[in-house]
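In the numbering used here, the protein residues as written are 1 to 281.
Right, dumping it as structure tokens:
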């Protein structure tokens, strides 16, 4: 079915497979959003630009001939001097930095949308907003529109259905649930499984092996968590979990640290943006 969507407009209008009223298949949903959109905003986590990109969706956007704009969200969590040196930025143009927390980037995004819309010379203009779960799509939309039209939460996948919202005269935004490509859902192995919770696509309280994810994070960002929690662990995630568990009194019978609970606390703080990259400087 996906192949047909990529070839002709007629194929793209095919009916989606039958589903219950609460769920739409990932492939059908994304193809529908991309096809109906004139401009697509891909919301990326500025801390993990490459990891939060969805190359499969980007390929569909290009094949369908749509305009793609990269929005680097959560820019308040990184040092601007460091991020501008990131070589990954060369792969994603046009892009802009955005932070709903610090109320930055909305004006620039509106200007880019206006310029791209004028070049398209059509009405109405439909803008699709896509990204992994918990990437900040709804927060961005609410900031652009100026009201809480899209419900928000730090829990991955909080937005449950498609919403079409008016941005300005003749311009509409389509908000969707965050989606994970099927091939990523079926990945096995520590490396593959730890990517999704690291970028917030799997909520901290639903992670099966939180200690492994914390291990990966401490490998990638040495001493970041130690500075945040004011704990000396010399880059060792096991020591970090042990000391933090005792500091928070997360103990089980026998005065043993509850490693699962402590690890999930770290991941919760990480996903909710409480641990800033400024902590590492």
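We put the beta carbon where it would ideally sit given N, CA and C, even for glycine. In this text the structure is predicted, and so the values were computed from the model without any measurement.
Assign residue 168 to one of three DSSP states: helix, strand, or coil.
Start at 1 with the first residue of the chain shown, and residue 168 comes out as number 168. Three-state result, residue 168: strand.
By how many angstroms is the C-alpha of residue 235 removed from the C-alpha of residue 217?
For this step, residue 217 is matched to residue 217 along the chain shown. For this step, residue 235 is matched to residue 235 along the chain shown. Roughly 10 Å separates the two Cα atoms.
Drop a sphere of 10 angstroms on the beta-carbon of residue 219, count the other beta-carbons inside from all chains shown, and report buried for 16 or more, exposed for fewer.
What you label residue 219 is simply residue 219 of the chain shown in a count that begins at 1. Exposed.
Top-ranked residue by Cα proximity to residue 92, from 123, 134, 48, 124:
Here residue 92 refers to the residue found at position 92 when the chain shown is read from its first residue. When only C-alpha atoms are compared, the closest one is 48.
Separation of residue 268 from residue 99, as counted between CA atoms:
In the chain shown, the residue the question calls residue 99 occupies position 99. In the chain shown, the residue the question calls residue 268 occupies position 268. Whole-angstrom Cα-Cα distance: 19 Å.
Check whether residue 40 and residue 68 have beta carbons under 8 Å apart
Locating residue 40 in the chain shown gives position 40, where the first residue counts as 1. Locating residue 68 in the chain shown gives position 68, where the first residue counts as 1. In this structure, residue 40 sits near residue 68, with a CB-CB distance shorter than 8 Å.
Residue closest to residue 140, alpha-carbon to alpha-carbon, out of 102, 117, 123
By 1-based counting over the chain shown, the position of residue 140 is 140. Of the listed residues, the one whose Cα sits closest to residue 140 is 102.
Within this structure, are the beta carbons of residue 71 and residue 44 separated by less than 8 Å?
Here residue 71 corresponds to residue number 71 of the chain shown, with the count starting at 1. Here residue 44 corresponds to residue number 44 of the chain shown, with the count starting at 1. Yes, the pair counts as a contact, with Cβ atoms nearer than the cut-off.
Drop a sphere of 10 angstroms on the beta-carbon of residue 94, count the other beta-carbons inside from all chains shown, and report buried for 16 or more, exposed for fewer.
Here residue 94 refers to the residue found at position 94 of the chain shown. Classification for residue 94: exposed.
Flag this pair as touching only if the segment 245 to 259 and the segment 51 to 68 have three or more C-beta atom pairs under 8 Å; answer yes or no.
no
Alpha carbon to alpha carbon, what distance is there between residue 51 and residue 240?
Within the chain shown, the letter at position 240 stands for residue 240. Within the chain shown, the letter at position 51 stands for residue 51. Rounded to the nearest angstrom, the two C-alpha atoms are 25 Å apart.
Looking at C-alpha atoms only, which residue of 138, 86, 96, 168 is the closest neighbour of residue 117?
Counting from one through the chain shown, the residue named residue 117 turns up at place 117. Comparing Cα positions, the closest option is 168.
Residue from 137, 120, 46, 230 whose Cα sits closest to the Cα of residue 86:
The residue labelled residue 86 in the question sits at position 86 within the chain shown. Nearest C-alpha to residue 86: 46.
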